[in-house]
């Protein structure tokens, strides 16, 4: 093994830079050369490669976003795009590629693998919705960012005796919403994985007020319903007047937590190990805190369920 | 002087609790009794008074929101409401009232003063739009909260080469927006105090891209325009595709900064001093870092202009 | 099951309040009464009990420290002390006790269990040195607190081209030190579990400077060596002039992270479940993210080893 | 005016990078060229200059430390050192120099001015002990960093009913200590500017305990006494058993607050304006929030007193 390339793809996530640093330094530690590819698959097709030395990734471990930048690419889904990518890799004599991103990006990695490119995926997304790994890079940071925001909302909610609805990210997965709800002591959570009953929620709010709670907080995953829609339904059904906050893009940014920094460091180094061992078409992950590898397809074929214990906790601890 | 009452009114602001603590402890230090009034003028009319001892305000100095809670009251604007408030104060033998809030709340305080109630206002609002004082309690915290949020957006903006619009609070005043813009190194700011020209902004963005800037950030005060409206106008005029984030209520919450905690402590103690000296109908404030008093009417009659030096800095430093 | 008591013991840890809230609310949800015991085993012997209702634990979920306060008790280790404790519990008709603390506190809990008191332990300590559970309450927060501090030191270290030594907590376990080292990208780590060779460290520093690193950071666990001793040895052996920072008590405080808040919530509720099921003499814990129970003795008889993968990562990623 | 050089000198302070960015961009905005000088006066003598373009200072506004690095230099105090510096500046055809640092660094700048080099000082130090300006770059950030640390100590102090002593920076000035004390609600503060009486402190602690305070916090400036010495004296005189924390270097680092970022941006741009106007031998500063210039000598000849109002507040608000 001589030359490894690394790119970030899809939505950015905190810790991606720590993963880039880990790939770069562990590969160089093992006597390989490393190239960074800019703007994900777009840069791969266009040949936007740059040699990375240990000092080039100095000081980036704590930075949010990705120094390699990222993009979503339609062109890469075409046969022509794929051929351009393979040609770029050959032109730079790349012996192995590390793709940092979510399951969408892993589908692209899988196509490259099928065309003979040695490729390993590193799961980086704040949604944590990648099967084959207990945790993804960026999720713990996003959870803490959302928690900090909700704590601030709680100050205002309790000062004004108000009902607040906060919308967090998560298109098809309610991990972020459910965990934010438990961590913030929210009174209710709405997730895509669970049927929503507005009447039941209104009953809960009614009991809550009767029990002496002067303010309430509801967390909703964007994939289940928009906060504005929920506000309207609460108004129509129960006459409740709620305030709405959509956390939005702030959930993607920020300096990674220690958990995400360590996870990214481990995953980046482990991905290089896998390439060095001649493996391809796999993603790295953690299962019970241990590093593991799984076929790339696991990421989109598998399904990580929400923990029912947490769903129950929201009810039980918000009395 | 024997008995002092304190209430918070209008929107909550970080540091209000530090002010409540300062009023309570400095008054007791000076041998007075202190009563907290809940939910602002609503509680004043309803007689929601509670005796406060030094330990009752222990541990609240760093907490966001207000332990006395706050509200906006229509009833207090009527003659009957005012009469109820005066009666409550007499029933509790209150010799002086401290009102913590913005200029709207100070108008109510002025009515009480005219009816013979000794009253002193303490300016607490994140908007900093109260004349008669250089700073208001909560503004510095809100500025830092907004800055932290914009720094996170910058991570994503730079990773994706995107144009972001972030909407911050400020209905009639652009202090928060302008200062966030300078502090975050934003490329442009839209404030209510300054005419907006979409063509000029599109030119600026065009030059910025030509100069090698791959992402841009625009800060807009809610009172000037909504972020969504600005996004639409940029699309229509320049074809720009911007992402939008509305910071919303998170700007109101959180633990106060050292600046706000110290300001609130000084203002609370100074307000008690003024009541002890027999003064009334005034607000406390800072001018050139010194504590001063001014007539309550100053708060809504005066006008604090934006600093043109800062407006120029946004242009000059975002090249 | 009718009445449950809860206490915190030993060193305080962030998340203890979230655990107190979870014990209180989940027990009341299950129709039990709850009593808080102040100052750990001291208050247990002295009968410092107070009834807790759901509102009494409102707003504490995010607060550092413990509202029940904590203490270390010599008297409790005597037969007389134990007898007093049992008598207190009987006087208040307590049917089950939850002890939140580390393995030292669990030894006391074990004595109570042997005397017939139904007792369940909840592991709360920033050191993470409790066998029988993958994680302890407070560890993730302490790790992030230490990381934030080390990031600030890095700013000064890199600005002045200096060598910094930072001492973190951990008397017999290097979890905190090792994980801080990986998360902060430290050049070297000194832990109690691993033999220290000053000559080897000087060689590493020498190579590091040769490779162009102008500053370096060493993390040392207090149980391995004091930072000042390490500084002296580096001076004597290699002529290095290091700056020293001892993080100290700040590592214990602060608002818990989302991880610790959720962990504390789960553990508190699960401990109540165990008491409700008639179990005793056990501690709750997590294994592979799932809630489990283990005999209390596991906490001090077992041994959690450091992950060798992380030790290797410190070397590999600091080139 | 064609070419401006900028350097940072003395201890690093948060916001120095924002000042470097402001100098660079405002000078280029005004059609000048800019050179960064590395490692302060050391680099000035050695000719360690590097051309800075607007993109070179992109993304540094929020970073702690200084990208130009800094140093203290003995050699620069010699005639030979000064001559080398002047020669370097001539060799690079520099028409004006901006020195970012404290009053020690300004003495060096004054020497250069006397030798005919156009030079303007920008006050950057966390100690705020520079006369001629109300505020220095880095002070507000250090204050907030210290406050955050003390808040964490408070969690442990209150959980264990303990007396804590925290030592903060400040060799000859008690600004940081006094303001941290007010902001954290400390029970006592020890500053260099004020005579310390251990008997008086013991009386205060005694009264405090009698009044029901179960824990206490004392802030001490390093220049007045070490925390360990204070601990020993409290033990000897009053029998108190205190815990000690020395905040140390963490107070220097971290991302600057909005206040420091804006201050640094204004000062950097204003310093360039002064050079462009042909001024020299001056420092920039703020007086009553307005930008002003003063002779460099003001910085070390003047004296900024502590605000007696704040000293009184510590007593009055800690009852």
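Residue numbers (this note's numbering), protein chains in the order written: chain R, 137 to 455; chain X, 137 to 455; chain G, 137 to 455; chain L, 137 to 455. Glycine included, each C-beta is placed from N, C-alpha and C at the ideal position. Source: prediction; values computed, not measured.
Counting C-beta neighbours from all protein chains within 10 Å, is the total for residue 316 of chain R 16 or more, i.e. buried, or is it exposed?
Residue mapping note: residue 316 of chain R aligns to position 180 of the first chain, counting from 1. It is buried - the Cβ of residue 316 of chain R has at least 16 other Cβ atoms within 10 Å.
Is residue 414 of chain R buried or exposed, if buried means 16 or more other CB atoms sit within 10 Å of its CB?
Start at 1 with the first residue of the first chain, and residue 414 of chain R comes out as number 278. Flag for residue 414 of chain R reads exposed.
Taking the CB atoms as reference points, tell me whether residue 442 of chain G and residue 246 of chain G lie closer together than 7 Å.
One-based indexing of the third chain puts residue 442 of chain G at position 306. One-based indexing of the third chain puts residue 246 of chain G at position 110. Contact: no.
What residue range does the alpha helix (DSSP H) around residue 181 of chain X cover?
Numbered from its first residue, the second chain carries residue 181 of chain X at position 45. Start and end: 176-182.
In chain G, what lies closer than 9 Å to residue 280 of chain R by C-beta?
On the first chain, position 144 is the one that residue 280 of chain R refers to. Under the 9 Å cutoff, chain G gives 280, 393, 394, 395.
If you compare alpha carbons, which of R/165, R/260, R/172, R/353 is closest to residue 298 of chain R?
Working through the first chain from its first residue, we reach residue 298 of chain R at position 162. With distances taken between Cα atoms, residue 298 of chain R lies closest to R/353.
Whose C-alpha, out of L/282, L/451, L/366, is nearest the C-alpha of residue 395 of chain X?
Mapped onto the second chain, residue 395 of chain X falls at position 259. Comparing C-alpha distances from residue 395 of chain X to each of L/282, L/451, L/366 shows the shortest one belongs to L/282.
For residue 393 of chain G, tell me which candidate among G/427, G/279, G/335 has the shortest Cα-Cα distance.
Counting from one through the third chain, the residue named residue 393 of chain G turns up at place 257. Closest option to residue 393 of chain G, Cα to Cα, is G/279.
Report yes or no: is there a C-beta of chain R within less than 7 Å of the C-beta of residue 203 of chain G?
Translated into positions along the third chain, residue 203 of chain G becomes position 67. Interface with chain R (7 Å Cβ-Cβ cutoff): residue 203 of chain G is excluded.
How big is the Cα-Cα spacing for residue 343 of chain R and residue 410 of chain X?
Walking along the first chain from the start, residue 343 of chain R turns up at place 207. Walking along the second chain from the start, residue 410 of chain X turns up at place 274. Cα-Cα distance, rounded: 46 Å.
Whose CA, out of R/380, R/369, R/308, R/231, lies closest to the CA of residue 293 of chain R?
What you label residue 293 of chain R is simply residue 157 of the first chain in a count that begins at 1. It is R/380.
Counting only C-beta atoms, is residue 287 of chain R closer than 7 Å to chain G at any point?
Along the first chain, read from residue 1 onward, the residue named residue 287 of chain R stands at position 151. Closer than 7 Å: yes.
Check the Cβ of residue 206 of chain L against every Cβ in chain G and list those closer than 7 Å, keeping chain order.
For this step, residue 206 of chain L is matched to residue 70 along the fourth chain. Residues of chain G passing the Cβ test: 295, 296.
On a Cα-Cα basis, can you pick out the residue from L/419, L/445, L/391 that is closest to residue 403 of chain L?
Taking the first residue of the fourth chain as position 1, residue 403 of chain L is located at position 267. Of the listed residues, the one whose Cα sits closest to residue 403 of chain L is L/419.
Using DSSP bridges, identify the partner residues of residue 286 of chain G.
Residue mapping note: residue 286 of chain G aligns to position 150 of the third chain, counting from 1. None; residue 286 of chain G has no bridge partner.
Measure the beta-carbon distance from residue 266 of chain L to residue 233 of chain L and round it to whole angstroms, keeping in mind my assumption that it falls under 8 Å.
One-based indexing of the fourth chain puts residue 266 of chain L at position 130. One-based indexing of the fourth chain puts residue 233 of chain L at position 97. About 18 Å; that fails the 8 Å criterion.
Taking a contact to mean a Cβ-Cβ separation below 7 Å, would you say residue 160 of chain L touches residue 204 of chain L in this structure?
Against the fourth chain, residue 160 of chain L aligns to sequence position 24. Against the fourth chain, residue 204 of chain L aligns to sequence position 68. Taking a C-beta distance under 7 Å as the contact criterion, residue 160 of chain L and residue 204 of chain L do not qualify as a contact pair.
Spatial neighbours of residue 334 of chain G within its chain, please: C-beta separation below 6 Å, excluding the five flanking residues on both sides.
Position 198 of the third chain, counted from the start, is the residue given in the question as residue 334 of chain G. The answer, listed in chain order, is 369, 373.
Specify the secondary structure class of residue 275 of chain X as computed by DSSP and reduced to three states.
Numbered from 1 along the second chain, position 139 holds the residue referred to as residue 275 of chain X. Residue 275 of chain X: helix per DSSP, three-state reduction.
In its own chain, which residues sit with a C-beta less than 8 Å from the C-beta of residue 332 of chain X, not counting the 5 before and 5 after it?
To locate residue 332 of chain X, count along the second chain from 1; it is residue 196. Around residue 332 of chain X: 326, 360, 361.
Please decide whether residue 354 of chain G counts as near chain R, where near means a Cβ-Cβ distance under 7 Å.
Position 218 of the third chain, counted from the first residue, corresponds to residue 354 of chain G. Among the residues facing chain R, residue 354 of chain G is not included, as its CB has no counterpart in that chain under 7 Å away.
Which chain R residues are close to residue 385 of chain X, counting only those with a beta carbon under 8 Å from its beta carbon?
Start at 1 with the first residue of the second chain, and residue 385 of chain X comes out as number 249. One finds 288, 289, 292, 300, 379, 381 in chain R with Cβ atoms closer than 8 Å to the Cβ of residue 385 of chain X, taken in chain order.
Nearest chain X C-beta to residue 439 of chain R closer than 7 Å, yes or no?
In the first chain, residue 439 of chain R corresponds to position 303, counting from 1. Taking Cβ atoms only, chain X never reaches closer than 7 Å to residue 439 of chain R, which makes this a no.
C-alpha gap between residue 201 of chain L and residue 149 of chain L, whole angstroms:
On the fourth chain, position 65 is the one that residue 201 of chain L refers to. On the fourth chain, position 13 is the one that residue 149 of chain L refers to. Near 6 Å, if we compare the C-alpha coordinates of residue 149 of chain L and residue 201 of chain L.
Residue 395 of chain R by DSSP, collapsed to three states: which one?
By one-based count along the first chain, residue 395 of chain R stands at place 259. Here residue 395 of chain R carries a helix assignment [DSSP, helix/strand/coil].
Taking DSSP's pairing of strands, which residues face residue 142 of chain X in a bridge?
In the second chain, the residue the question calls residue 142 of chain X occupies position 6. Residue 142 of chain X is bridged by DSSP to X/172, X/234.
Same chain only: Cβ atoms within 6 Å of residue 436 of chain G, ignoring 5 sequence neighbours per side:
Within the third chain, the letter at position 300 stands for residue 436 of chain G. Excluding sequence neighbours, residue 436 of chain G sits near 239.
Beta-ladder partner(s) of residue 257 of chain R, from DSSP:
The residue given as residue 257 of chain R occupies position 121 in the first chain. DSSP output for residue 257 of chain R lists R/235, R/419 as bridge partner(s).
Contact list for residue 415 of chain X against chain L, beta-carbon separation under 7 Å:
Within the second chain, numbered from 1, the residue matching residue 415 of chain X stands at position 279. Neighbours of residue 415 of chain X on chain L: none; closest Cβ ~18 Å, over 7 Å.
At a Cβ threshold of 7 Å, is residue 345 of chain R touching chain X?
Counting from 1 along the first chain, the entry for residue 345 of chain R is found at position 209. Answer no: the Cβ-Cβ gap between residue 345 of chain R and chain X never drops below 7 Å.
What is the rounded straight-line gap between the Cα of residue 307 of chain R and the Cα of residue 313 of chain R?
Start at 1 with the first residue of the first chain, and residue 307 of chain R comes out as number 171. Start at 1 with the first residue of the first chain, and residue 313 of chain R comes out as number 177. CA-CA distance, residue 307 of chain R to residue 313 of chain R, rounds to 11 Å.
When burial is assigned at 16 or more other CB atoms within 10 Å of the CB, is residue 193 of chain G buried or exposed?
Here the question's residue 193 of chain G lines up with position 57 in the third chain. Counting Cβ neighbours within 10 Å, residue 193 of chain G comes out buried, since at least 16 surround it.
Closest residue to residue 357 of chain R among R/311, R/187, R/141 (Cα-Cα distance):
Sequence index remark: in the first chain, residue 357 of chain R carries index 221 (1-based). For the set R/311, R/187, R/141, the Cα lying nearest the Cα of residue 357 of chain R is the one of R/311.
Comparing C-alpha positions only, which one of X/230, X/178, X/346, X/179 sits nearest to residue 190 of chain L?
Counted from its first residue, the fourth chain places residue 190 of chain L at position 54. That would be X/346, whose Cα lies nearest to the Cα of residue 190 of chain L.
Any beta carbon from chain G within less than 7 Å of residue 283 of chain R's own beta carbon?
Locating residue 283 of chain R in the first chain gives position 147, where the first residue counts as 1. Judged by the 7 Å Cβ criterion, residue 283 of chain R is in contact with chain G.
Three-state secondary structure assigned by DSSP to residue 324 of chain R:
Taking the first chain and counting its residues from 1, one reaches residue 324 of chain R at position 188. In the three-state reduction of the DSSP assignment, residue 324 of chain R falls in the strand class.
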